[in-house]
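Structure record follows, encoded as structure tokens.
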Amino acid sequence: FPELLYSGFLQEAEKELSEAAITLSIIGRREIPKPEDIDVSYNSYLHGLGEAVGELRRYVLDLIRRGEDGGEEILDTMEEIYLALTQMDFPDAITGGLRRTTDNVRGIIERTRGDLSLYIAQRRLERKLERG
271 FPELLYSGFL
281 QEAEKELSEA
291 AITLSIIGRR
301 EIPKPEDIDV
311 SYNSYLHGLG
321 EAVGELRRYV
331 LDLIRRGEDG
341 GEEILDTMEE
351 IYLALTQMDF
361 PDAITGGLRR
371 TTDNVRGIIE
381 RTRGDLSLYI
391 AQRRLERKLE
401 RG
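Quick note: the sequence shown uses the working numbering, first residue 271, plus one each step.
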């Protein structure tokens, strides 16, 4: 059924699968699966990789709300993802708008860095105030 294969439905499902598998592996501190491991196309995988950064931001914000550590490590991983995506320098007609996804990832990382920096500074201040 080529009309289904090229309609975008399969690519969207593969992107969502990639996003979920990548996010779970990073949060679980496991190796990130390769496209072959989860049986998705490279294009869908790269888009899922970009989308996973948004989920990782939400995870970092949850860590901050709970007062838990680990956000900096996740932020480092988000930056590694961004660097990997910037290496995919192909026309958008081939990558299906990956450049736009990569630009969005950059913004998400900067907002996350700001939130995390503020949280770390507040914790330092709290510790100093507690010590007197």
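C-beta: ideal position from N, C-alpha, C; glycine also. What you are looking at is a predicted structure, and each value in this text was computed from that prediction instead of being measured.
task = Pick helix, strand or coil for G367, following the three-state DSSP scheme.
result = coil
query = When you compare each of H317, T371, G341 to R383 by their alpha carbons, which one comes out closest?
reply = The shortest Cα separation from R383 among H317, T371, G341 belongs to G341.
ask   = Hey, quick one: how far does the alpha helix (DSSP H) through V330 stretch, first residue to last?
value = 312–336
task = Return the Cβ separation of T356 and T372 in integer angstroms, given the expectation that the two are a contact with Cβ distance under 8 Å.
result = Their Cβ separation, rounded to whole angstroms, is 6 Å, which keeps T356 and T372 in contact under 8 Å.
ask   = Nearest to E338 by alpha carbon, out of G298, E282, I390?
value = I390
query = Would I308 pass as a contact of Y329 if the rule is Cβ separation under 8 Å?
reply = No, Cβ-Cβ distance for I308 and Y329 is not below 8 Å.
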